[in-house]
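A.B. asks: Just dropping this structure here.
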Amino acid sequence: MDIGLGGRVVLVTGGARGVGAGICSVLDALGATVVACARRAPDDPDRAGAPDFVSCDVRDPDAVAEMVAGIVARHGRLDGLVNNAGGSPFALAADAGARFHSKIVELNLLAPLIVAQAAQSVMREQPDGGAIVNVSSVSGHRPSPGTAGYGAAKAGLDNLTGSLAIEWAPAVRINSVVAGPVQTELSELHYGDAEGIAAVGRTIPMGRMAVPDDIGNAVAFLLSPLAGYITGSTITVHGGGERPAFLDAANTNTASERKTS
Numbered sequence: 001m002d003i004g005l006g007g008r009v010v011l012v013t014g015g016a017r018g019v020g021a022g023i024c025s026v027l028d029a030l031g032a033t034v035v036a037c038a039r040r041a042p043d044d045p046d047r048a049g050a051p052d053f054v055s056c057d058v059r060d061p062d063a064v065a066e067m068v069a070g071i072v073a074r075h076g077r078l079d080g081l082v083n084n085a086g087g088s089p090f091a092l093a094a095d096a097g098a099r100f101h102s103k104i105v106e107l108n109l110l111a112p113l114i115v116a117q118a119a120q121s122v123m124r125e126q127p128d129g130g131a132i133v134n135v136s137s138v139s140g141h142r143p144s145p146g147t148a149g150y151g152a153a154k155a156g157l158d159n160l161t162g163s164l165a166i167e168w169a170p171a172v173r174i175n176s177v178v179a180g181p182v183q184t185e186l187s188e189l190h191y192g193d194a195e196g197i198a199a200v201g202r203t204i205p206m207g208r209m210a211v212p213d214d215i216g217n218a219v220a221f222l223l224s225p226l227a228g229y230i231t232g233s234t235i236t237v238h239g240g241g242e243r244p245a246f247l248d249a250a251n252t253n254t255a256s257e258r259k260t261s
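So for the sequence shown, full-length UniProt numbering puts the first residue at 1; every next one is plus one.
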């Protein structure tokens, strides 16, 4: 499928594994020149379709500036950025120290801003501008117990997306993908064994968790010319969301069944 990404140069942060690797794979299949960055190299850097890899701590403005300059020196341009790097271990807010919360916010909110600033400084000088996609989370739109700082940071990221869209238009478009639970090679750390993963999937209207390609497809659309008039928006990719707990707790249907039996 040709959606206009052929030859576009796209940087994907956190692109070595998990959701980021899936995004890279989708973009590569659509003809983009993909550069992935992370602090640790991918497990299989020589596999077919593996993106170019750059080691970078996206929380370090100097390292980010050097990375972006290197991409432009090698490829001559930077057309797209996917701010995917992020995450958080489980920790109850009362038990985690200030340094822990600071690092979570730094990675999930400040780092995307740092990389976006560096990218837009290149994009705004290009005739075709550029596009940025922030990978956000449903944790920023509902309570996030156990990852409170992460949820707050993701809420901030979606707000940041709208602000930057206004500041940087029309040269640079910026949108966010609000992702629900995604099944990756690390899922068992969060959801337990295969049965735990399947149980989570049964709570989602689509009957399964997302896979990385589901997020990658949404990202590809927002980077492409098909989304040329879309900026400052969020696309929610969560399979219909979470079934409200009250539907299972209420006895309305049970009582109705008794009356008709």
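All C-beta atoms, glycine included, are put in the ideal place defined by N, C-alpha and C. Keep in mind the model is a prediction, meaning the values are calculated, not measured.
Go through its chain and collect everything with a Cβ distance to His-238's Cβ below 6 Å, but skip five positions before and after it.
C.D. replies: Excluding positions up to five away in sequence, the list reads Val-138 and Gly-180.
A.B. asks: Give the DSSP-derived three-state secondary structure of Arg-39 in the structure shown.
C.D. replies: Arg-39 falls in the coil class under three-state DSSP.
A.B. asks: What separation, rounded to the nearest whole angstrom, lies between the Cα atoms of Pro-51 and Gly-31?
C.D. replies: Distance between the alpha carbons of Pro-51 and Gly-31 is about 12 Å.
A.B. asks: Near Gly-241, what residues of its chain come up, given a Cβ to Cβ distance below 6 Å and the 5 sequence neighbours on each side ignored?
C.D. replies: Taken in chain order, the list of residues that qualify is empty.
A.B. asks: Decide if Leu-157 is buried, meaning its Cβ has at least 16 other Cβ atoms within 10 Å, or exposed.
C.D. replies: With 16 or more other Cβ atoms within 10 Å, it is buried.
A.B. asks: What does DSSP give as the partner residues of Leu-11 in its beta bridges?
C.D. replies: According to DSSP, which records beta bridges pairwise, Leu-11 is partnered with Val-35 and Leu-81.
A.B. asks: My output table needs one value for Ser-137: the three-state DSSP class, helix, strand or coil.
C.D. replies: Note: Ser-137 maps to strand in three-state DSSP.
A.B. asks: Quick one: using the 10 Å Cβ neighbour count with 16 as the cut-off for buried, is Pro-212 buried or exposed?
C.D. replies: When all chains shown are included, Pro-212 counts as buried.
A.B. asks: Looking only at its own chain, which residues have a Cβ that is under 6 Å from the Cβ of Gly-151, when we skip the five neighbours before and after it?
C.D. replies: So the list reads Ser-139, Gly-140 and Ser-144, once near-sequence residues are dropped.
A.B. asks: Could you tell me whether the stretch 210-226 touches the stretch 17-28, using the rule of 3 or more Cβ pairs below 8 Å?
C.D. replies: The answer is yes - the stretch 17-28 touches the stretch 210-226, with three or more Cβ pairs under 8 Å.
A.B. asks: Just to confirm before moving on: does the CB-CB distance between Val-133 and Ser-176 stay below 8 Å?
C.D. replies: Their beta carbons are under 8 Å apart, which means Val-133 touches Ser-176 by this criterion.
A.B. asks: At a Cβ threshold of 8 Å, is Gly-129 touching chain C?
C.D. replies: Looking at the structure shown, chain C is missing, and only one protein chain is on hand.
A.B. asks: In the DSSP assignment, the alpha helix (DSSP H) including Phe-221 goes from what residue to what residue?
C.D. replies: That run of the alpha helix (DSSP H) goes 212-223.
A.B. asks: To the nearest angstrom, how far is the alpha carbon of Arg-59 from that of Leu-247?
C.D. replies: Roughly 42 Å separates the two Cα atoms.
A.B. asks: Between Ala-98 and the rest of its own chain, which residues show a CB-CB distance below 6 Å, the 5 nearest in sequence each way excluded?
C.D. replies: Excluding sequence neighbours, Ala-98 sits near nothing in its chain.
A.B. asks: In terms of residues, what are the limits of the alpha helix (DSSP H) holding Val-26?
C.D. replies: First-last of the alpha helix (DSSP H) with Val-26: 18-29.
A.B. asks: Who are residue 262's beta bridge partners in DSSP?
C.D. replies: No answer is possible for residue 262: the residues shown for the chain start at 1 and end at 261.
A.B. asks: Return the CA-CA distance between Leu-110 and Ser-102, expressed in angstroms with no decimal places.
C.D. replies: Their Cα atoms are separated by approximately 10 Å.
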